[in-house]
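Sequential numbering of the sequence shown, starting at 1, is according to UniProt numbering.
Beta carbons are placed, not taken as given, at the ideal position from N, Cα and C, and that holds for glycine.
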Amino acid sequence: MFTGIVEEVGTVISCAEAEGAAILTVAARTVLPGLRRGDSLAVAGVCLTVTAADDDGFRADVMPETLRRTSLGGLEAGASVNLERAVRADGRLDGHLVQGHVDGVGTVLERRPGARWDEVDVAIPRELARYVAEKGSVTVEGVSLTVTWAGAEAFGVALVPTTLTRTTLGALSPGYPVNLEVDVIAKYVERLLAAQAEA
1 MFTGIVEEVG
11 TVISCAEAEG
21 AAILTVAART
31 VLPGLRRGDS
41 LAVAGVCLTV
51 TAADDDGFRA
61 DVMPETLRRT
71 SLGGLEAGAS
81 VNLERAVRAD
91 GRLDGHLVQG
101 HVDGVGTVLE
111 RRPGARWDEV
121 DVAIPRELAR
131 YVAEKGSVTV
141 EGVSLTVTWA
151 GAEAFGVALV
161 PTTLTRTTLG
171 ALSPGYPVNL
181 EVDVIAKYVE
191 RLLAAQAEA
């Protein structure tokens, strides 16, 4: 479980194909202390299991399902990725409940710079749009954000200075693919209501 509060922006060393899957190697610093094989780490919003870690970075396997449902398969050496370690049970929940289970890939549509913030519109797959609500939470590239408006095929977010400078979102331009995770509570409510209607 994560919170969507990015700890560090890492740099992709390689994303090598491995029998239909991939091996991702990332250079990092902040997330490394105490990081061990088997730990969960969110990379661009995707929960991955660490397979190796040293003083320079870490390695993780990326399964075919993850390559199909996220943008990780398109990563190249030198790409920047948001990183967050799993939240501790005694830690603060500053963002919102984030599983690291990406629901789909959206696309940055438009960016409107403000005095100290940017407003960004993101296209979302139609089947996911119903889970996004104005003033609700959404995860974009592993970053917990508040939705400013929500439509049938897109939504908007506002990026504060900290988000602009401490995550990869500050450099996103129109056309860029982004990993999206919608609110898991909304999905469970829909499922429960559907089951109740069928009973």
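Candidates the options, of which the one nearest residue i by Cα
i, options, result
"A42", "E110, E181 and S14", "E181"
"A64", "A152, V6 and E19", "Residue identity check: residue 64 is Pro in the sequence provided, not Ala. Checked all of A152, V6 and E19; the closest Cα to P64 is E19."
"F155", "V108, A199 and V184", "V108"
"D118", "V81, G170, E198 and R130", "G170"
"D121", "A115, E127 and E134", "E134"
"R85", "V105, P33, A16 and T25", "P33"
"L93", "A60, R116, S173 and F2", "F2"
Nearest-angstrom Cα separation, counted from residue j out to residue i
i, j, result
"D54", "L192", "44 Å"
"L35", "Q99", "19 Å"
"E190", "D56", "43 Å"
"L83", "A150", "27 Å"
"G4", "D103", "15 Å"
"T11", "Q196", "47 Å"
Boundaries (first-last residue) of the beta strand (DSSP E) holding residue i
i, result
"V120", "D118 to A123"
"E157", "A small correction: the amino acid at residue 157 is Val; Glu does not occupy that position in the sequence shown. Per DSSP, V157 belongs to the beta strand (DSSP E) from A154 to L159."
"T3", "Unbroken run through T3: none, as it is neither H nor E."
Start and end residues, alpha helix (DSSP H) containing residue i
i, result
"E127", "R126 to A129"
Beta-carbon separation (whole angstroms), residue i vs residue j, contact threshold 8 Å
i, j, result
"M177", "S71", "Correcting the residue identity first, residue 177 is Pro in this sequence and not Met. Right, the Cβ-Cβ distance comes to about 5 Å (below 8 Å), so this counts as a contact."
query = Where in the segment 24-109 do unbroken runs of the alpha helix (DSSP H), each at least 4 residues long, occur, reported from the N-terminal end onward?
reply = 64-69
key: 4-residue-minimum alpha helix (DSSP H) runs that sit fully inside the segment 133-191, ordered along the chain   = 161-166
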